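Accompanying notes for the structure given below.
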Amino acid sequence: MKVVKNIAVLRHHVALWREKKASVGLTPTMGFLHEGHESLMRRAVNENDRVVVSIFVNPAQFGPSEDLDRYPRDLEHDLERCEALGVDLVFCPEVEEMYPAGFQSMVAVSALSQGLCGKSRPTHFQGVCTVVSKFFNIVSPDRAYFGEKDAQQLAIIRRMAKDLDFTVEIVGCPIVREADGLAKSSRNKYLSPEERKAAPALNKALHAAGEAALSGIRDSRSLLRIVEESLAAEPLFRIDYVEIVDPLSLQPVEKIERGALLAAAAWLGATRLIDNRLL
Ligand code: PAF
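Given below as structure tokens:
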């Protein structure tokens, strides 16, 4: 497995693979890899001749008061996981390689970035779109793999790829959960033992609304109330948002007729958790 920090070197390797007509998959990550990332990498390895994993904690997607400095990192462990899964190349650039002095171009997907997480993280998705479009330009992958836990990010990246004529196929992969239902996330590391115990309540609340929808409740207000009441039973949680939206447009849905996305973000102490499920 190659470990590359430089864009030109990465391009050179990809060009050699392309000469041999190899297909290329890309899994972009911010490192501190867990089973959620592994499911993306495994799928990429199964579906492509060559796989690139990027490990880059992207400063452009963190707001000024967010956790950029304390975001968990463990490159040595990440490289071991990538190697064990059969990844061909890990791209782990320094910030200066991705954003050299003078950098000033950003990619924004306007309407889709405004609701849900965009309300409390107004610059987040433009940072994500900028770095992901750079990765697409640098690697020119056939397929790129993203987790469905970040449902808004996935919808935005699909839109961006379509709008900007990237030829890459965007592949969404199911949420991977701990045994007690908590969605896997690098940020789960921040939780105190008490918060970790409370954390599955978020998935439980979404699950309760999912069951209610299955039993025939169709209006979003009633379903949202179920989530809010269920989460209120866990006093450590502070809700950021709970919404039911169309999975593609991310616009609020009042009555569930086709599939709808129930998405939530909530604070446990200083840690913001997100989760979602399709209704
Ligand atoms: O989902 C993530 O980990 C990041 O937002 C991504 C897609 C790697 C871009 O930095």
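Mapped onto my numbering, the consecutive letters of the sequence shown carry residue numbers 1020 to 1298.
For each residue, glycine too, the CB sits at the ideal point set by N, CA and C.
None of these values were measured; they are calculated from a predicted model.
DSSP beta-bridge partners of residue i
i: tryptophan 1286; result: Arg1257 and Arg1291
i: tyrosine 1164; result: Val1190
i: valine 1023; result: Phe1110
i: arginine 974; result: Residue 974 lies beyond the stretch modelled for the chain, which goes from 1020 to 1298, so this question has no answer here.
i: isoleucine 1236; result: According to DSSP, which records beta bridges pairwise, isoleucine 1236 is partnered with nothing at all.
i: leucine 1297; result: Leu1280
Beta-carbon spacing of residue i, residue j below 8 Å
i: isoleucine 1157; j: cysteine 1111; result: no
i: leucine 1225; j: alanine 1283; result: yes
i: leucine 1183; j: leucine 1287; result: no
i: alanine 1202; j: lysine 1168; result: yes
i: isoleucine 1189; j: arginine 1177; result: yes
i: glutamate 1057; j: leucine 1108; result: no
i: alanine 1063; j: glycine 1044; result: yes
i: cysteine 1192; j: glycine 1166; result: yes
i: tyrosine 1214; j: leucine 1250; result: What sits at residue 1214 in the sequence shown is glutamate, not tyrosine. Not in contact: glutamate 1214 and leucine 1250 (Cβ atoms no closer than 8 Å).
i: leucine 1221; j: alanine 1174; result: no
Same chain only: Cβ atoms within 8 Å of residue i, ignoring 5 sequence neighbours per side
i: alanine 1170; result: Pro1266, Leu1280, Ala1282 and Asn1295
i: valine 1246; result: Ala1224, Leu1225, Ala1227, Ala1228, Val1261, Leu1281 and Ala1283
i: leucine 1029; result: Val1023, Val1071, Leu1108, Phe1110, Ile1157 and Val1158
i: glycine 1278; result: Pro1266, Leu1297 and Leu1298
Reference residue i, options the options, closest by Cα
i: glutamine 1080; options: Leu1287, Gly1229 and Tyr1118; result: Tyr1118
i: proline 1212; options: Asp1107, Thr1290 and Lys1024; result: Thr1290
i: leucine 1297; options: Tyr1260, Ala1232, Asp1259 and Glu1248; result: Ala1232
i: leucine 1052; options: Tyr1090, Val1128 and Lys1039; result: Tyr1090
i: threonine 1186; options: Asp1086, Leu1269, Ser1159 and Gly1200; result: Ser1159
i: histidine 1096; options: Glu1115, Ser1129, Gly1082 and Glu1054; result: Glu1054
i: glutamate 1262; options: Pro1254, Ala1252, Leu1094 and Ile1293; result: Ile1293
i: methionine 1020; options: His1032, Ile1026 and Glu1066; result: His1032
i: arginine 1162; options: Ala1034, Gln1123, Leu1094 and Met1060; result: Met1060
i: asparagine 1077; options: Pro1254, Val1147 and Asn1207; result: Val1147
Chain-order list of residues whose beta-carbon lies under 7 Å from that of residue i (same chain, five-residue window excluded)
i: isoleucine 1236; result: Leu1242
i: glutamine 1270; result: Val1264
i: methionine 1125; result: Gln1145 and Thr1149
i: aspartate 1259; result: Ser1139, Ala1284, Ala1285, Trp1286 and Arg1291
i: lysine 1024; result: Cys1111, Pro1112, Glu1113 and Glu1116
i: valine 1272; result: Ser1239, Ile1263, Val1264, Asp1265 and Ala1279
Own chain partners of residue i with C-beta closer than 6 Å, once the 5 adjacent residues on each side are dropped
i: aspartate 1238; result: Lys1274
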